[in-house]
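Input: a single structure, listed below in structure tokens.
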Amino acid sequence: MTTVVKIGTEFQVNSQTAGSQWYPSVTGLANGGFVVTWQDGLAGSNSGSGTLGDASGSAVKAQVYAADGSKVGGEFLVNTQTNGSQATPVVTSLSNGGFVVSWQDQNSTNGDIKAQIYGANGAPVGGEFTINSVTANNQNTPAITGLPNGGFVVAWTNQGTVAPDIKAQVYDANGAKVGSEFLVNSASANFDQERASIATLSNGDFVVTWNDFRTGDWQVRGQVFHPTASGASKVGSEFTVDTAFYNSRVVAGVTGLANGNFVISFEDTSGEVRAQVFTAAGVKVGSEFQVNTQTSGNQGFSSITALTSGAFVVTWSDEGTGDGNGPAIKAQVYDAAGNKIGGEYIVNSQITSNQLYPTVAALANGGFVISWQDFSQTLGDKSSYGITAQIFNLSNAPTSPTIVSVTDDVSPNSGVLTSGASTNDTNLTVRIATGSNFAGDVVQLFDGQTAIGTAVTLSLADIARGYVDIQTGVLGNAAHAITAKVTDTTGAQSGAATAINVTVDTVAPVVGVSGVTLDTANLPTFTVSGTTEAGLLVSVYDGTTLIGTTTAGADGSWSLTGVALTEGANNLTAKTTDAAGNTGTSTVFAAPTLVSTSTVSVTGVSTTSQGYVVLGDGTLDVAFGGNVSGKITIGNGGVVDVFNGATAQHTEILSGGVQYDYGTANDTTVHAGGQQHVYFGGNANGTTVEAGGYQDVYSSSTVTNVSLSGQQQVLAGGTAIDTVIKDGGYQYVGDGGHTEGTVINTGGLQYVDTGATAEDTVINGGFQFVNGSTTGGSVEGGHSQNGGVATNVTVKNGGAQHVYNGGSATGTTVEAGAFQDVYHGSVTGTNLSGSQQVLDGATADQTVIQNGGNAYVGTGGAVTATTVNAGGLLYVAAGGSATGSTIDGGFAWVAGTASNTTLNSGELDVTGSASGTHLAGGIERVLAGGVQNGVDFAGSAATLTLENAAGLTGTVSNFEVGDTIDLLNTSVSSFTFDGSTLTLATNSGTVAYQFAGVQSGTELNVTDDGHGGTAISLSLLVQQSASIVPDSSVESGLVPQDTTQQQTTLAAVG
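Letter by letter, the sequence shown follows residues 1 to 1054 of full-length UniProt numbering.
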């Protein structure tokens, strides 16, 4: 429910208290304040104060007030002309924030209407000026209203020559007349027209009312006007306000309403205050209504004003019941629909004696102020009447407050926060707009539904200022929804203000520097990197000097490129500030010591954890006893000397950088264009030589575990142990150089020069070229023995060993899928599961051919003492030779020559020439074109097959029972055997074979082999037979049909 609330207490307006003060007029100002003007002296008289420069008759005074009700400056004299009396002032506000006062000036024979304009600052604008143009008669009781265009209109009573009438004059915003003064009333000049009132309407028109006596009784009439370029034009006709005729003068008031209508208040003949609403065109809306509730005695001198809410207020002087001690000031508030808000109420608090002539004006905040003439003499004016005022407001449930701003007062991110922002300020300043509030309202902040901070009771000063600042109190690290509510003096509470969401965060972000690397593409600059929260701006300092800023990525990582460090030590820190304003600082990160223009010597254990960057004209000497555990980066032009007894633990050598190692260098990377020299007792462990990089080892120096994609030279006195030669890598082992455990991967090359040694080399798809000697190792790639010596090499699957041009390889193991070839070289003791080629000018001695292994002896090649095990293959091509081979279950094919071959098991095929073969078992096949010259059957169950009977020459030795000579494709018609010579009559002629050491007690059998050939064998003497009878139970040869004694000379049959 809406109620009327006093704001503060009533207060005395006039400061000069001598004499009497009369007829106040008040208007509200655009800034929320107001102005009161009044007449000082005369009227019912007790004279005036005679102060401020006007001691003649009465004067016009004024006082400006701020929105909080405090005085702005002091009371001031309005009129400039002080002769005679200046009376009945009126005041109106202007749209530019200023105001204008008008009054009746009696300084000559006839009174004039004067005015003075004031600016928004209260200072006079120009001087006072005369309103009326006609000066022949008295002009009095002015009325005034401001116009929306910044101008104003003054209306007044012109006494005329016959009867008074109402005149008016329009002014523009500059205070210049618009057209001429004009007659307001339209009635005959024979009747009195007096006491004008005036008000501006919401459409920019204005309405004038006055007392009219045309009927012989007083009534209130009015006329609406529209401002024009030449003054004003009438809107419709003059209209009558009241329905009754009165026998005495009435005092009317008028005000425009927010809905475009206007309302007029007046007194009727019975002494009541009444009112009537009109449209903007001057047409009545409903009926006139009585304002006052208490009806005893006279109610009069009404004043009316519209409020910003659309409501309006009527105030009057009650001379009946009053306040119990004489006339009192009453008021009644109406809403925009014309309904009473509560009842009439007494305005004045001081009730001693009389209270008269009220005036009311609306205030910008929706309230209003009433001023009146007070005879109580209780507020400081003891001489007579004074001017008093009281501020009021209407109290509904207050409107929800507006949060103007929420401010962070803690650096570095101080200032106004937007909704959704973060802050490190735990006690925020919240600014609440007070333009719609009243003194006495209580503002309480809330975090969601929880009250926070201290409630603030608004003062007049808060209202005048337009805002109040309130602290939230301590807020914890969390999200907060800051809002506010207002409670008025009746206890009604508003809704909550629109929340401003903030997150309080006082935790500093974590930031760290994780590394400093040399930018090899942009020497001599560096890249500094680290981590923090995503999206934060990171500032990097070298000591106290800012060297650059960068922004962290989505994963929180950051890097700052193009950093130029200073010569010597560099201690870096990173700082960042989060959205809340918290600043995090990293621990100090020791960047590499830059050596670019000087020579630095390290004589003990280096305390520079991040090592050194050496480039340009810089030199780093790690002296005896020196130990650099941090990384050393050597750039173009830089030189690092690691002297005897010194250690460099981690080095990166860039293009143009050089390291001389006479001591120990561990974990070194040599990039393209970089060089590492290991000399005079130096040691380098774990070096990586990239493509284009270079390392050499010399004079009692050793390198270990080198990963080689570039070039390495192992020179006289140098040793390289466990080098891995990668694709594109090249190791040169010079005279007096020595390598151990080298691994040669695909695309890698090891060159072992004359006088050099390579021990236990593993060729893993790469290539080894040997002019010197190699011992041990394995091959899974190329190996070239070029006049050097290789010992105990293992050739892996896919690998190859090439022994050329006087080279030799001893104890080589050729695994399945591997390859060994010999050309004008020699190999000894090869263990062969892969492939071997013995080519022109090459020899292979003591080769053991294992299951799956195969050896090829080409033209001009020779093998000796070869062993062919089961699953193995020896092929001697035409022009090749095999001497002293042993076949133990394997297979040998001789298209060249084979001598002194021992066949224990397996098979020997001859298409070339074989001699001195020892058939202890297995089968030898002499194929077409092949010749076996001399064969020893010392053993058991050996078989010799001949595709051509002429393929056996020489002597057959130690032929025993179980041995067989099978003449394939040869039939025998008769034979003779004298114990040493076997003569056969065959289908192709006579053939004779020589035998020696035939087993005694046996007989020679020549029988059909069952395949169209003839089998020669022995049997123990049992019986004789002159016939050759096939034995159908044996397919592979012929044996004697029975064991009876047979003679050694047989007549052929069949």
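Using N, Cα and C, we set each Cβ at its ideal position, and we do this for glycine too. Keep in mind the model is a prediction, meaning the values are calculated, not measured.
The shortest C-alpha to C-alpha distance from Ala62 to any of Ser56, Ala361 and Gly74 is the one to Gly74.
The alpha-carbon of Phe526 is positioned some 6 Å away from that of Ala564. The DSSP-derived three-state label of Asn107 is coil. Counting along the chain, Leu475 sits inside no beta strand (DSSP E), nor does DSSP assign it H or E at all. Pairing Gln219 with Glu267 gives a Cβ-Cβ distance that is not under 8 Å. With three or more CB-CB distances shorter than 8 Å, the segment 792-805 counts as touching the segment 818-833.
About 7 Å separates the beta carbon of Asp888 from that of Val868, a gap short enough to meet the 8 Å contact definition. Within the DSSP bridge table, the entry for Val406 names Leu417 and Val430 as partners. Val404 is the residue among Leu356, Val404 and Glu690 whose C-alpha sits nearest the C-alpha of Gly466. Rounded to whole angstroms, Ala336 and Ser309 show a C-alpha spacing of 8 Å.
Counting only runs of 3+ residues, the beta strand (DSSP E) found wholly inside the segment 333-401 occupies 340-346, 355-362, 368-374 and 386-395, in chain order. The Cβ neighbour count for Gly448, taken over all protein chains shown within 10 Å, is under 16; the residue is labelled exposed. With a cutoff of 8 Å on beta-carbon distance, Ser180 and Leu460 are scored as not near each other. Around the beta carbon of Leu968, 16 or more other beta carbons sit within 10 angstroms, so the residue counts as buried. Taking a cut-off of 8 Å for Cβ pairs, the segment 250-262 and the segment 185-203 touch, as three or more such pairs fall below it.
Rounded to whole angstroms, Gly829 and Asp845 show a C-alpha spacing of 6 Å.
Of Gly1013, Tyr993 and Leu1018, the smallest CA-CA separation from Leu1004 is found for Leu1018. For Ala790, the three-state secondary structure derived from DSSP is strand. Shown here for Thr145: same chain residues with a beta carbon closer than 8 Å to its own, the five before and five after excluded, namely Thr92, Phe152, Val153, Ile198, Ala199, Thr200 and Phe206 in chain order. Taking a 10 Å sphere around the C-beta of Ala136, we find fewer than 16 other C-beta atoms and assign the residue as exposed. Here the segment 707-725 lies against the segment 682-693, with 3 or more beta-carbon pairs under 8 Å apart.
Annotation for Val613: Leu518, Pro592, Leu594 and Thr633 place their beta carbon closer than 6 Å to its own, counting only its chain and skipping 5 residues before and after. In this chain, the alpha helix (DSSP H) harbouring Ala461 covers Leu460 to Arg465. In the structure shown, the three-state DSSP call for Ala950 is helix. When secondary structure is reduced to three states using DSSP, Asn14 falls in the coil class, being assigned neither helix nor strand.
8 Å or more divides the Cβ of Gly884 from the Cβ of Asn904.
In the DSSP assignment, Tyr65 falls within the unbroken beta strand (DSSP E) covering Ala59 to Tyr65. Between the alpha carbons of Gln276 and Ser317 lies a distance of about 19 Å. Pairwise C-beta distances place the segment 577-585 out of contact with the segment 596-605, as fewer than three of them are shorter than 8 Å.
Within its own chain, the residues whose Cβ lies closer than 6 Å to the Cβ of Ile547, once the five positions on either side in sequence are excluded, are Val540 and Val563, listed in chain order.
If you draw a straight line from the Cα of Leu445 to the Cα of Ala120, it comes to about 35 Å.
DSSP places Arg274 in the uninterrupted beta strand (DSSP E) bounded by Val273 to Phe278.
The DSSP-derived three-state label of Thr520 is helix. Using a Cβ distance threshold of 8 Å, Gly922 and Asp966 do not count as a contacting pair. Secondary structure at Gln444: strand, using DSSP grouped into helix, strand and coil. For Gly766, no beta strand (DSSP E) segment is defined, and its DSSP state is neither H nor E.
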